[in-house]
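*Asks:*
In the numbering used here, the protein residues as written are 4 to 213.
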């Protein structure tokens, strides 16, 4: 006796799955927006939280570098991976041990990244031959101005810069998820309505046999 094949998933099942995913996207986006608003209201706490998250990222990166060094023992790249692992792990532990005292160094690091990245974008945009060169230069100018403002307001800026950046990132990601989920959800509703109307039209135009 042959085994019966499992029934294939119909379009209704696929549509229900997509609706569930889009609804989850909207809910996740709303949670991120709430987190971003809370972060802006309690910006110092958000700054310390972002420093702690960064510390854990450094620790994980250090552990991965240690594992890579263990895999490369006796071969090229061992010392590079080992030193990178020690540096990342030690930096993460120091930030976790003294998160408030580490804010100044982290803020200066962010300002340096903005300054270098903004300068690179400006030079690349002014060199020409790059699509959207004007927007690239504008982005670079914004990064450089932001870096200068951060440096000019140190050390006070170290208590809110990271928190503001984390909160704004959460808000932007949350709004994007809500918009994408809403558009997809509405699109599925329109497709379902069109499919129902087409099915009814087929039923009414189908010839009936006596």
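Note that the Cβ used here is the ideal one computed from N, Cα and C, for glycine as well. A quick note: this is a predicted structure, and the numbers were derived from the prediction, not measured.
#1: Where does residue 146 land, buried or exposed, given buried means 16+ other C-beta within 10 angstroms?
#2: Taking buried to mean at least 16 other C-beta atoms within 10 Å of its own C-beta, is residue 101 buried or exposed?
#3: I need the boundaries of the alpha helix (DSSP H) containing residue 74, first residue and last residue.
#4: In or out: residue 103 buried (at least 16 other Cβ within 10 Å) or exposed?
#5: Consult DSSP for residue 156 and reduce its assignment to one of helix, strand or coil.
#6: Using only the alpha-carbon positions, how far apart do residue 168 and residue 144 sit?
#7: Does the segment 149-158 come close enough to the segment 175-190 to have 3 or more Cβ pairs within less than 8 Å?
#8: Hey, quick one: how far does the alpha helix (DSSP H) through residue 81 stretch, first residue to last?
#9: Quick one: grab the DSSP three-state call for residue 131.
#10: Among 62, 79, 163, which one has its Cα closest to the Cα of residue 2?
#11: Using only the alpha-carbon positions, how far apart do residue 82 and residue 97 sit?
#12: How would you call residue 164, buried or exposed, if buried means at least 16 neighbouring beta carbons within 10 angstroms?
#13: Just verifying my parser: in three-state terms, what is the DSSP assignment at residue 77?
#14: Excluding the five sequence neighbours on either side, which residues of its own chain have a C-beta within less than 6 Å of the C-beta of residue 99, listed in chain order?
#15: Would you mind stating whether residue 47 and residue 123 have Cβ atoms separated by less than 8 Å?
#16: If you draw a straight line from the C-alpha of residue 80 to the C-alpha of residue 73, how long is it?
*Replies:* According to the structure data:
#1: Within the chain shown, the letter at position 143 stands for residue 146. Classification for residue 146: buried.
#2: Numbered from 1 along the chain shown, position 98 holds the residue referred to as residue 101. By the neighbour-count rule (16 or more Cβ atoms within 10 Å), residue 101 is not buried but exposed.
#3: Counting from 1 along the chain shown, the entry for residue 74 is found at position 71. Unbroken alpha helix (DSSP H) run through residue 74: 46-74.
#4: Stepping through the chain shown from its first residue, residue 103 is reached at position 100. Label assigned to residue 103: exposed.
#5: Counting from one through the chain shown, the residue named residue 156 turns up at place 153. Judged by DSSP in its simplified three-state form, residue 156 adopts coil rather than helix or strand.
#6: Indexing the chain shown from 1 puts residue 168 at position 165. Indexing the chain shown from 1 puts residue 144 at position 141. If you take the alpha carbons of residue 168 and residue 144, they lie about 18 Å apart.
#7: Too few Cβ pairs lie closer than 8 Å, so no.
#8: If you number the chain shown from 1, residue 81 lands on position 78. Residues 81-100.
#9: Within the chain shown, the letter at position 128 stands for residue 131. In this structure, residue 131 counts as coil in the three-state DSSP scheme.
#10: Beyond the ends of the chain as shown, which are 4 and 213, falls residue 2; an answer cannot be given.
#11: Numbered from its first residue, the chain shown carries residue 82 at position 79. Numbered from its first residue, the chain shown carries residue 97 at position 94. Cα to Cα, residue 82 sits roughly 22 Å from residue 97.
#12: Stepping through the chain shown from its first residue, residue 164 is reached at position 161. Residue 164 comes out buried.
#13: Sequence index remark: in the chain shown, residue 77 carries index 74 (1-based). The DSSP-derived three-state label of residue 77 is coil.
#14: As a working note, residue 99 is residue 96 in the chain shown. If you ignore the 5 residues before and after residue 99, its C-beta comes within less than 6 Å of the C-beta of 58, all in its own chain and listed in chain order.
#15: Taking the chain shown and counting its residues from 1, the one referred to as residue 47 is at position 44. Taking the chain shown and counting its residues from 1, the one referred to as residue 123 is at position 120. No, the pair does not count as a contact, with Cβ atoms beyond the cut-off.
#16: Sequence index remark: in the chain shown, residue 80 carries index 77 (1-based). Sequence index remark: in the chain shown, residue 73 carries index 70 (1-based). Computed Cα separation, rounded: 10 Å.
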